[in-house]
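When we follow numbering that gives the first Met the number 0, the leftmost residue of the sequence shown carries the number 0, and every step to the right adds one.
For each residue, glycine too, the CB sits at the ideal point set by N, CA and C.
What follows is a set of notes on a single structure, which appears directly below.
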Amino acid sequence: MAETPSLSSMQLTRPELAVFVSGVASMGLEILAGRLIAPEFGSSIYTWGSIIGVFLAALSLGYYRGGKQAAVRASNPRLARLFVATAFYVAGLILFGELMLQSLAGIPLPSRFASLPAITVLFGPPTYLLGFVSPYAAELSDQTNVGAASGHVYAVGTIGSIVGAFATTFFLIPTLSVAEIGLIFGLLSVVTALALLRPNIGGDEAVWSIAVTILLVAGAVTGGIGLDTAGNSVYHTQTAYQELRVVDSGGTRTLYLDGQPHSAMDLDQPTRHVFDYTSHFHTPFLYSEDVERVLFVGGGGFTGPRVFLETYPNVTVDVVEIDPEVVSTAKQYFAIEESDRLNIYTMDGRRYLEETDETYDVIVLDAYRKDKVPFELTTVEFMQLTADRLDEDGVLVANVISAPSGPASQFYRAEYKTIQQVYPQVYSFPTVGGVVVQNIEVVATKDSTLVTSEELQARNERRDIGIDLSSEISSYRNSEPTDDVPILRDDRAPVDSLLDPMVGQRYVIARSNETDTNTSGSNTTLIRPVQFG
């Protein structure tokens, strides 16, 4: 009969504890890297591929160097120094990470590789240091067989990585800020160092541990040093999906998601269109005279739904927003309240359309960003789903962020081509002149009759829809060259590749009745509305 392991035999030795914590910290920092890098470089497959590659390269180099030195240098005190050094670097990340990130973003590289320098500088060194831990621990193991020692170390380290992955993903990121999560990993490293040294903690070790702890706490309390001049930050958090920040500046409250402006509200006139592109959401009223029920896929600050409710007393608005923190932020900071006319569903937009029995007169897709587009909301299959949920004279509006022509227009033209596979008529309305990256409002109808620009202008004059759309209509387009772009399908939707030419380009937003202002460093410009035609 096999013996049951005793409690003492299941306890980790000090080297095994070091390996376990190194696994927790390395995997936790890898996931955290995505949240720190995303506001500057986006969270595309290229960003995540770079993060994974840098972490693997740094760990491999640490394994190699540590393995060569382990026979003569491995000891508990040296392991402790590795953890103190890691904690010191993490403290630097908390304090200066944003400043370093913004500085490294200017290195001229092809867009796919633009994030590599920042990831390497910010996360390469601490990961390299953690790579030393496993070979040192294998050398200090009480296992007499080399294979058994190595296998045991790999198993303990992998378990630590699993704990780090799940804890960071499901608990830390939805609850804490980047600085606070960095504080946890830094303190974990300091505590591990002290555990490795006890009871012989010398004066030098104590001083370094206290100094690093002070730096970590200072970074977490201050939130770090950056170059953010967007205004007064009134709320900031990390959600399960993105970084979220609410900023007040010049009488306007703006919701930033991963560093990009998503919605804005005039604090004195909440129903005024601050970002000019939102006025295009009213365009369906020129295509259909019978609009009673509207669905917004993507909520943000609920600018569109708010104005609809105020302008059209007979319209009921449903909003589907995947991020519950965005919904609670809209309620607390943008004065959104659910009612008989405003229904909010916190779930994935595609899943909602698959499960609902409701039909709509208008569906507004407002879930795309410049560098982060859920591919499942772009495909032919999804567009067919929207058509199935629209009435016979229903209208689809997609807020696409892209350039209308040139190299950075690939995503827009691919989406245009994809929508054409489902809807007989597709129109588009760029919101800013030129070939810069901007909001392009794509309007699709189930009615096969072509509506010309002249007819839209005539309807705009005849119909009282609560807003004058004459300047918006003047950017009318009804044909795009699409031979060189793919149709997006569930089994092949290369959205990241199509977005890639936009990396590093300025995103220009037309802002109503305001002077020129730059609100997010080198990525976004707010300008006066441009009159087309």
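Exercise for the section: With DSSP collapsed to three states, give me the class of Thr228. Expected result: Counting from 1 along the sequence shown, the entry for residue 228 is found at position 229. Confidence is the limiting factor: at Thr228 the pLDDT is only 46, short of 50, which leaves the residue's position unreliable and the question unanswerable from this model.
Practice task
Could you tell me which of Ala117, Ala239, Thr378 sits nearest to Asp489, measuring between CA atoms?
Solution key: The residue labelled residue 489 in the question sits at position 490 within the sequence shown. Ranking Ala117, Ala239, Thr378 by Cα distance to Asp489 puts Thr378 first.
Handout entry: Through-space distance from Asn231 to Gly541, alpha-carbon basis
Key = Nothing can be reported for residue 541, as the shown portion of the chain is limited to 0 through 532.
Exercise for the section: Can you grab the Cα-Cα spacing for the pair Ser262 / Val246, in whole Å? Expected result: On the sequence shown, residue 262 is found 263 positions in, with the first residue counted as 1. On the sequence shown, residue 246 is found 247 positions in, with the first residue counted as 1. Spanning the two alpha carbons is a distance of roughly 11 Å.
Practice task
Measure the alpha-carbon distance for Thr448 versus Ala164 and round it to whole angstroms.
Solution key: By 1-based counting over the sequence shown, the position of residue 448 is 449. By 1-based counting over the sequence shown, the position of residue 164 is 165. The alpha-carbon atoms of Thr448 and Ala164 are separated by roughly 53 Å.
Practice task
Report the residue from Phe333, Asp387, Val325 whose alpha carbon sits nearest the alpha carbon of Glu533.
Solution key: Nothing about residue 533 can be read from this structure; the chain reaches only from 0 to 532.
Problem - Under the three-state DSSP convention, the category Tyr426 falls into - result: Residue mapping note: residue 426 aligns to position 427 of the sequence shown, counting from 1. The answer is strand: DSSP assigns Tyr426 an E or B state.
Problem - Inter-residue spacing [alpha-carbon to alpha-carbon] between Asp495 and Leu266 - result: As a working mapping, residue 495 is identified with position 496 in the sequence shown. As a working mapping, residue 266 is identified with position 267 in the sequence shown. The straight-line gap from Cα to Cα measures roughly 36 Å.
Handout entry: The alpha helix (DSSP H) enclosing Phe87, as first and last residue numbers
Key = Residue numbering aside, residue 87 sits at position 88 when the sequence shown is read from its first letter. Counting along the chain, the alpha helix (DSSP H) containing Phe87 begins and ends at 75 to 103.
Exercise for the section: Helix, strand or coil for Val293, going by three-state DSSP, please let me know. Expected result: By 1-based counting over the sequence shown, the position of residue 293 is 294. Three-state result, Val293: strand.
Problem - First and last residue of the uninterrupted beta strand (DSSP E) at Val436 - result: Numbered from its first residue, the sequence shown carries residue 436 at position 437. From DSSP, the beta strand (DSSP E) with Val436 extends over 436 to 444.
Practice task
Rounded to whole angstroms, what's the CA-CA distance from Glu320 to Val326? Just pull it up for me.
Solution key: Position 321 of the sequence shown, counted from the first residue, corresponds to residue 320. Position 327 of the sequence shown, counted from the first residue, corresponds to residue 326. Computed Cα separation, rounded: 7 Å.
Handout entry: Proximal residues to Leu171 (C-beta, below 6 Å), its chain only, five neighbours per side dropped
Key = Here residue 171 is taken as the residue at index 172 of the sequence shown, counted from 1. Ile180, listed in sequence order.
Practice task
Please determine if the segment 196 to 213 and the segment 353 to 368 are in contact, where contact requires at least 3 C-beta pairs separated by less than 8 Å.
Solution key: no
Exercise for the section: Measuring alpha carbon to alpha carbon, tell me which of Gly52, Lys369, Phe301, Ile418 ends up nearest Met382. Expected result: Taking the first residue of the sequence shown as 1, we reach residue 382 at position 383. For the residues Gly52, Lys369, Phe301, Ile418, the minimum Cα distance to Met382 belongs to Ile418.
Exercise for the section: Return the chain-ordered list of same chain residues with a C-beta closer than 7 Å to the C-beta of Ile200, the five sequence neighbours on each side being excluded. Expected result: Numbered from its first residue, the sequence shown carries residue 200 at position 201. Hits under 7 Å: Leu193.
Exercise for the section: Can you grab the Cα-Cα spacing for the pair Pro198 / Arg64, in whole Å? Expected result: In the sequence shown, the residue the question calls residue 198 occupies position 199. In the sequence shown, the residue the question calls residue 64 occupies position 65. In a straight line, the C-alpha of Pro198 is about 29 Å away from that of Arg64.
Problem - Any alpha helix (DSSP H) of 4 or more consecutive residues that is wholly inside the segment 436 to 501 - result: 452 to 461, 469 to 472, 494 to 498
Practice task
Out of Arg350, Thr310, Val435, Phe169, point me to the one whose CA is closest to Ile534's CA.
Solution key: For residue 534 there is no data in the structure shown, the boundaries of the chain being 0 and 532.
Handout entry: Residue burial classification, Asp257 (beta-carbon count within 10 angstroms, cutoff 16)
Key = Numbered from its first residue, the sequence shown carries residue 257 at position 258. By the 10 Å Cβ count, Asp257 comes out buried.
Handout entry: Inter-residue spacing [alpha-carbon to alpha-carbon] between Thr534 and Ala84
Key = No statement about residue 534 is possible, as the shown extent of the chain runs from 0 to 532 and does not include it.
Practice task
With a threshold of 16 other CB atoms inside 10 Å of the CB of Leu11, please say whether the residue is buried or exposed.
Solution key: In the sequence shown, counting from the first residue as 1, residue 11 sits at position 12. Per the 10 Å Cβ criterion, exposed.
Problem - Phe280 to Ser25 span [Cα, whole Å] - result: If you number the sequence shown from 1, residue 280 lands on position 281. If you number the sequence shown from 1, residue 25 lands on position 26. Those two C-alpha atoms are separated by around 45 Å.
Problem - Anticipated Cβ contact below 8 Å, Asn438 with Ile508, distance rounded - result: On the sequence shown, position 439 is the one that residue 438 refers to. On the sequence shown, position 509 is the one that residue 508 refers to. About 7 Å; that satisfies the 8 Å criterion.
Problem - According to DSSP, residues forming a beta bridge with Glu242 - result: Position 243 of the sequence shown, counted from the start, is the residue given in the question as residue 242. Answer by DSSP bridge pairing, in chain order: Gln237.
Handout entry: Proximal residues to Arg77 (C-beta, below 8 Å), its chain only, five neighbours per side dropped
Key = The sequence position of residue 77 within the sequence shown is 78, counting from 1. Answer for Arg77: Tyr135, listed in chain order.
Exercise for the section: Give me the Cβ distance between Ser474 and Pro429, rounded to the nearest whole Å; I'm assuming they're in contact under 8 Å. Expected result: The residue given as residue 474 occupies position 475 in the sequence shown. The residue given as residue 429 occupies position 430 in the sequence shown. About 5 Å separates the two Cβ atoms, so the contact holds.
Practice task
Pair every Cβ in the segment 89 to 96 with every Cβ in the segment 54 to 63, then say whether three or more of these pairs are closer than 8 Å.
Solution key: no
Exercise for the section: Mark Ala147 as exposed unless 16 or more other C-beta atoms lie within 10 angstroms of its C-beta, in which case mark it buried. Expected result: Walking along the sequence shown from the start, residue 147 turns up at place 148. So Ala147 ends up on the exposed side.
Practice task
State the DSSP-derived secondary structure class of Tyr344, mapped to helix, strand or coil.
Solution key: Taking the first residue of the sequence shown as position 1, residue 344 is located at position 345. Strand at Tyr344.
Practice task
Return the CA-CA distance between Asp360 and Val273, expressed in angstroms with no decimal places.
Solution key: In the sequence shown, the residue the question calls residue 360 occupies position 361. In the sequence shown, the residue the question calls residue 273 occupies position 274. Approximately 25 Å between the Cα atoms of the pair.
Exercise for the section: State buried or exposed for Pro107, treating a residue as buried only when at least 16 other CB atoms are found within 10 Å of its CB. Expected result: The residue labelled residue 107 in the question sits at position 108 within the sequence shown. Exposed, since its Cβ has fewer than 16 Cβ neighbours within 10 Å.
Exercise for the section: Label Met99 either buried or exposed according to how many other C-beta atoms from any shown protein chain fall within 10 Å of its C-beta, with 16 as the threshold for buried. Expected result: As a first step, residue 99 must be located in the sequence shown, where it is residue number 100. Buried, because 16 or more other Cβ atoms sit within 10 Å of the Cβ of Met99.
Exercise for the section: Using 10 angstroms around the beta-carbon of Lys67, count the other beta-carbons present and answer buried if the total reaches 16, otherwise exposed. Expected result: Translated into the one-based positions of the sequence shown, residue 67 becomes position 68. So Lys67 counts as exposed.
Problem - Residues sharing a beta bridge with Tyr63, DSSP - result: What you label residue 63 is simply residue 64 of the sequence shown in a count that begins at 1. The partner list for Tyr63 (beta bridge, DSSP) is empty, contrary to what the question assumes.
Practice task
Ignoring anything shorter than 4 residues or poking outside the segment 275 to 334, list the alpha helix (DSSP H) runs there in chain order.
Solution key: 283 to 286, 302 to 310, 323 to 332
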